[in-house]
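Engineer: Going by my numbering, the first residue of the sequence shown is number 40, and it counts up by one from there. Built from N, CA and C at the ideal position, the CB exists for glycine as well. Computed from a predicted model, the values in this text were never measured in an experiment. One structure coming up, written as structure tokens, with questions to follow.
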Amino acid sequence: MLGIDLVYLPEFETKMKNFPLARIFLSDELSQNKTLESLAGVFAAKEAFFKAIGKKEGWLDVWIEKNKDGKPQLYSTLIKNNEKVEISISHAGDYAVAVVTINN
């Protein structure tokens with residue numbers, strides 16, 4: 040399964056000013072991702088995951104943590120035991136993009 044999401048930073052910034060961040064991001068995600076660009080990447084990864092599984096569930100049931108090498112890892116209560124999830128997050132100019140693959 041594959042999901043991709045592209046976030047336009049100016050639009051994301053406007054929306055996030057009027058929306059409680061705690062409904063989308065866990066406190067650890069907020070403390071690890073202090074810049075707009077970084078949060079947009081996490082948001083894009085969550086959206087890409089929902090697209091990969093084919094349904095949008097709870098935002099807080101999906102979270103992104105960085106491993107010891109600084110690579111983002113996606114975790115979720117929605118992942119089955121035999122599924123392997125890979126993510127990639129990138130930024131360029133006014134955009135953040137994320138790709139999620141899920142394999143058995």
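H78 to L69, Cα distance in whole Å?
Structural biologist: In the sequence as displayed, the identity of residue 78 is Leu instead of His. When rounded, the distance between both Cα atoms is 8 Å.
Engineer: Which runs of the alpha helix (DSSP H) fall wholly inside the stretch 43-87 and span at least 4 residues, in chain order?
Structural biologist: Listed in chain order, the complete alpha helix (DSSP H) runs (minimum 4 residues) inside the stretch 43-87 are 48-56, 66-71.
Engineer: A135 and G80: beta carbons closer than 8 Å?
Structural biologist: A contact, by the Cβ cut-off of 8 Å.
Engineer: Would G42 be called buried (16 or more neighbouring beta carbons within 10 Å of its own) or exposed?
Structural biologist: Buried, because 16 or more other Cβ atoms sit within 10 Å of the Cβ of G42.
Engineer: Pull up the distance between the alpha-carbon of L117 and that of V101, whole angstroms please.
Structural biologist: One C-alpha to the other measures close to 8 Å.
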